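Undergrad: Starting off with a structure, shown below.
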Amino acid sequence: MEEMLKGLGIDELILKSEDKLKVLSIFSDKIKDCKKCRLHTSRKQVVVGVGNPYSDVMFVGEGPGREEDIKGYPFVGKAGRLLTEILEELGIDRDRDVYIANVIKCRPPGNRDPMMDEINACTPYLDFQVRIISPKVILCLGRYSMYYVLNRMDQPKISEIRGKFHVSRYNIPATATYHPAAALRNPTLKEFIKKDIDMVFKKIVERF
Ligand code: URA
Numbered sequence: 000m001e002e003m004l005k006g007l008g009i010d011e012l013i014l015k016s017e018d019k020l021k022v023l024s025i026f027s028d029k030i031k032d033c034k035k036c037r038l039h040t041s042r043k044q045v046v047v048g049v050g051n052p053y054s055d056v057m058f059v060g061e062g063p064g065r066e067e068d069i070k071g072y073p074f075v076g077k078a079g080r081l082l083t084e085i086l087e088e089l090g091i092d093r094d095r096d097v098y099i100a101n102v103i104k105c106r107p108p109g110n111r112d113p114m115m116d117e118i119n120a121c122t123p124y125l126d127f128q129v130r131i132i133s134p135k136v137i138l139c140l141g142r143y144s145m146y147y148v149l150n151r152m153d154q155p156k157i158s159e160i161r162g163k164f165h166v167s168r169y170n171i172p173a174t175a176t177y178h179p180a181a182a183l184r185n186p187t188l189k190e191f192i193k194k195d196i197d198m199v200f201k202k203i204v205e206r207f
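0 is the number of the first residue of the sequence shown in numbering that gives the first Met the number 0; add one for each residue after it.
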């Protein structure tokens with residue numbers, strides 16, 4: 000991590016800064032030409048994150064899809080619209096109450112699953128974002144995020160993980176739910192996602 004920060008030219012001074020927006024904006028700028036894996040050859044842009052970096056809750060998705068690649072923000076396509084709808088039904092404001100990032104920052108061609116070497120190349124960026132945002136709770140959206148954030152290379156099912164909190168690789172409580180794209184294919188999953196998001200936000204209330 001420290002090596003990566005040096006490589007990006009983000010120095011100690013900035014890391015100590017309270018200005019998360021400024022740090023993230025410098026960070027976005029530093030990684031916009033990233034060529035650490037093959038995905039740089041097919042992506043339109045690096046999709047870093049969206050939302051309120053001062054929020055207590057961070058969502059981690061998988062990787063950008065077609066619309067995210069075009070617009071430059073996570074979860075702005077069909078799955079993202081479903082996520083926004085669920086949040087609204089719970090009275091949660093997407094821009095104010097959550098910060099959203101992905102495990103990988105560039106779109107895999109044809110929205111295929113990310114490959115292990117792509118995840119390995121990209122996750123120092125997620126690690127950095129978590130360090131800056133320092134959320135109180137992380138919700139993983141989908142399998143790849145869960146494998147990485149919960150450090151579960153044994154690849155459990157979402158159903159084995161959801162509904163309770165686990166210790167993440169960041170030592171921050173985390174849980175996982177189904178990816179909103181899965182709920183587009185199987186609408187019965189929407190209620191599970193809603194329940195899981197509700198549980199995450201209730202945990203924040205509990206802590207105060
Ligand atoms: N799916 C994800 O996992 N992330 C996005 O940003 C969009 C779709």
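The beta-carbon is built from N, C-alpha and C at its ideal position, and this holds for glycine as well.
Since this is a predicted model, take the numbers as computed values, not measurements.
Could you give the DSSP three-state label for P179: helix, strand or coil?
TA: Residue 179 sits at position 180 when you count from the first residue of the sequence shown. If DSSP states are grouped into helix, strand and coil, P179 belongs with the helices.
Undergrad: According to DSSP, is Y146 helix, strand or coil?
TA: For the purposes of this step, residue 146 is taken as residue 147 along the sequence shown, with counting starting at 1. Y146: helix per DSSP, three-state reduction.
Undergrad: For S24 and I196, I'd like the C-alpha separation in whole angstroms.
TA: One-based indexing of the sequence shown puts residue 24 at position 25. One-based indexing of the sequence shown puts residue 196 at position 197. Cα-Cα distance, rounded: 27 Å.
Undergrad: By how many angstroms is the C-alpha of L138 removed from the C-alpha of H165?
TA: Reading the sequence shown from its first residue, position 166 is the one you call residue 165. Reading the sequence shown from its first residue, position 139 is the one you call residue 138. Roughly 10 Å between the two C-alpha positions.
Undergrad: Closest to D94 by CA distance: which of P108, S158, N185 and G79 is it?
TA: Along the sequence shown, one-based indexing puts residue 94 at 95. If we check each option's Cα against that of D94, G79 comes out closest.
Undergrad: Between the Cα of M198 and those of Y177, L81 and K163, spot the shortest distance and give me the residue it belongs to.
TA: Taking the first residue of the sequence shown as 1, we reach residue 198 at position 199. Per the Cα distances, K163.
Undergrad: Would you check if the segment 28-37 and the segment 172-179 touch, i.e. whether three or more CB-CB distances between them fall below 8 Å?
TA: Touching, no, given that fewer than three Cβ pairs across the two stretches are closer than 8 Å.
Undergrad: At 4 residues or longer, and completely inside the segment 89-118: list those alpha helix (DSSP H) runs for me, N to C.
TA: Within the segment 89-118, the complete alpha helix (DSSP H) runs of at least 4 residues are 93-96.
Undergrad: Does the Cβ of G90 have 16 or more other Cβ atoms within 10 Å, making it buried, or fewer, making it exposed?
TA: Against the sequence shown, residue 90 aligns to sequence position 91. G90 comes out exposed.
Undergrad: Applying the 10 Å Cβ sphere with the 16-neighbour rule, what's the burial state of N170?
TA: As a working note, residue 170 is residue 171 in the sequence shown. Per the 10 Å Cβ criterion, exposed.
Undergrad: Buried or exposed, going by whether 16 or more other CB atoms sit within 10 Å of the CB of Q154?
TA: For the purposes of this step, residue 154 is identified with residue 155 of the sequence shown, where counting begins at 1. By the neighbour-count rule (16 or more Cβ atoms within 10 Å), Q154 is not buried but exposed.
Undergrad: Return the Cβ separation of P134 and N101 in integer angstroms, given the expectation that the two are a contact with Cβ distance under 8 Å.
TA: As a position in the sequence shown, residue 134 is number 135, starting the count at 1. As a position in the sequence shown, residue 101 is number 102, starting the count at 1. Contact doesn't hold; Cβ gap of about 15 Å is too wide.
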